[in-house]
Amino acid sequence: MAVVPFPHQEKRKELRAAVAALCAKFDLEYWDACDREHRFPEEFFRAFADAGYLSVLIPEEFGGGGGEMIDQVAVLEELAASGGGLNACSSVHIPMLCIPTLLAFGSREQCAEILPKVGAGELFVTFGVTEPDAGTDTTRITTKATPTDGGWLVNGTKVWNSGAMRGDKILLLARTSEHASGERKGNGLTLFLADLKADTVDIKEIPKIGRNAVASCEVFFRDHKVTPDQVVGEVGQGFYHLLHSLNGERLLISAEAIGLGRWAVEAATRYANERVVFGRPIGQNQSVQHPLAASYLKLLAAAEVVYSAVDQYQEKGGGAIGTLANAAKYLSSEAGFGACDDAMQSFGGYAYAREYHIGRHWTEARLQRIAPVNNQMVLNYVAERSLGLPRSY
Ligand SMILES: Cc1cc2nc3c(=O)[nH]c(=O)nc-3n(C[C@H](O)[C@H](O)[C@H](O)COP(=O)(O)OP(=O)(O)OC[C@H]3O[C@@H](n4cnc5c(N)ncnc54)[C@H](O)[C@@H]3O)c2cc1C
257 MAVVPFPHQE KRKELRAAVA ALCAKFDLEY WDACDREHRF PEEFFRAFAD
307 AGYLSVLIPE EFGGGGGEMI DQVAVLEELA ASGGGLNACS SVHIPMLCIP
357 TLLAFGSREQ CAEILPKVGA GELFVTFGVT EPDAGTDTTR ITTKATPTDG
407 GWLVNGTKVW NSGAMRGDKI LLLARTSEHA SGERKGNGLT LFLADLKADT
457 VDIKEIPKIG RNAVASCEVF FRDHKVTPDQ VVGEVGQGFY HLLHSLNGER
507 LLISAEAIGL GRWAVEAATR YANERVVFGR PIGQNQSVQH PLAASYLKLL
557 AAAEVVYSAV DQYQEKGGGA IGTLANAAKY LSSEAGFGAC DDAMQSFGGY
607 AYAREYHIGR HWTEARLQRI APVNNQMVLN YVAERSLGLP RSY
């Protein structure tokens, strides 16, 4: 008997089936090879874009599908659940991140020029916020954009910029003015849609332990020119523009975590039924059954929260669902990693054989507790906003 699907998998059932059919063309060996060879999954990326799944959230007037958040999360969940995991999801999720920010704060000209190309997979925009010395404390970034004739010159270093080696442009957060004392800490930061392919930009891959189909990089800017038409939104307000889009991103990440967990529970259950030791399937032991059953329940509960957050997002908008979006991100990433970790135990020594693919999923699910926001920052938010405890940072 196959693992019984969760109730939320009834939502957008036909779309899910279509995504699964596309994903079936890219099997586990394909993803393992991309990961091992640090190779961007170009063939998959093209097929995904051609099927219209990159442009779900782009309005029809800008060449997109004009879909809703529930469509996009269903697509990403099925992608993760197919065995593509985060290698697959990140390759398509990264260029999607600029969409809500551009729609909310970009000019009409920027939307008309950029969004159709992003949706068609012709323009790859990365997300350039994190810096070595600022880490989670984004308002302390030091990359500076200094006024010059007809624009600014950017100097500084971004770190962990995923997709930079494949990227055409970067949604870059840089300081354009110091914030005066008494002002909000996020003032003075500006978002630019800057070019990545230039002599004034150097990119260096960071060797990492997983999700290697999409390289994450250090990006060095040396007197890199940006012009007023590359500013997204208001000069000095870029930090707040980004915050506006983060709750939507949390939902995408959450759906991916549920998909990763689903794949792990299914793979481990199949293995536990097949693997015979002591003359019986290992899945007959409660020590194997119980963690998998508990993982299934934790994923079920997390998915209910994720999809209720998606409903609220559609009804009230991203700005109104801070607690629910954070709850979805926390619960799904913990449940997704827990499921992968319990699956590792079920596979025994074979968990370490690449042939079984569970180790790859395990490192990817672990990443989701750290990035794009660590779960400690999520708990800080809930402690402050839901419990009324003093702000701790
Ligand atoms: C594979 C990968 C891809 C990434 N891709 C991108 C990308 O494309 N673009 C981008 O801009 N960034 C990207 N990031 C960066 C990611 O968003 C950051 O790593 C993350 O936000 C944490 O920053 P940090 O690593 O400097 O951790 P730090 O800020 O050094 O924090 C380390 C740990 O300390 C704890 N901590 C820190 N501050 C607090 C606090 N106030 N309260 C409680 N605990 C705290 C947390 O447990 C945290 O995990 C990526 C990271 C990885 C690993």
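Each residue of the sequence shown is one higher than the last, beginning at 257 in the numbering used here.
Even glycine gets a Cβ: it sits at the ideal position worked out from N, Cα and C.
- About 5 Å separates the beta carbon of Gln-328 from that of Leu-313, a gap short enough to meet the 8 Å contact definition.
- Short note on Leu-409: C-beta not closer than 8 Å to any heavy atom of ligand 1.
- If you look at Ala-450, you'll find it in the beta strand (DSSP E) that goes 445 to 451.
- Assignment of beta-bridge partners to Arg-536 by DSSP yields Val-533.
- Val-331 sits in a helix when the DSSP states are folded into three classes.
- At least one heavy atom of ligand 1 sits closer than 8 Å to the Cβ of Lys-464.
- With fewer than 16 other beta carbons inside 10 angstroms of its own, Tyr-608 counts as exposed.
- A residue is called buried when at least 16 other Cβ atoms come within 10 angstroms of its Cβ; Phe-534 does not meet this threshold and is exposed.
- Within the stretch 263 to 335, no complete beta strand (DSSP E) segment of 3 residues or longer occurs.
- By the neighbour-count criterion, in which 16 or more other beta carbons inside 10 Å mark a residue as buried, Thr-392 falls on the exposed side.
- Here Gln-493 is bridged, per DSSP, to Leu-445.
- For Pro-484, there is no enclosing beta strand (DSSP E), as DSSP marks it with neither H nor E.
- Between the alpha carbons of Tyr-563 and Pro-263 lies a distance of about 10 Å.
- With a cut-off of 8 Å, the C-beta of Asp-393 is classified as near ligand 1, since at least one heavy atom of the ligand falls inside that distance.
- Assigned with DSSP and collapsed to three states, Pro-403 falls in strand.
- Looking at the backbone, the Cα of Arg-625 and that of Asp-405 are separated by about 43 Å.
- Secondary structure remark: continuous beta strand (DSSP E) runs of at least 3 residues inside the stretch 548 to 576: none found.
- Membership of Glu-365 in any beta strand (DSSP E) is not indicated; the residue belongs instead to the alpha helix (DSSP H) covering 364 to 375.
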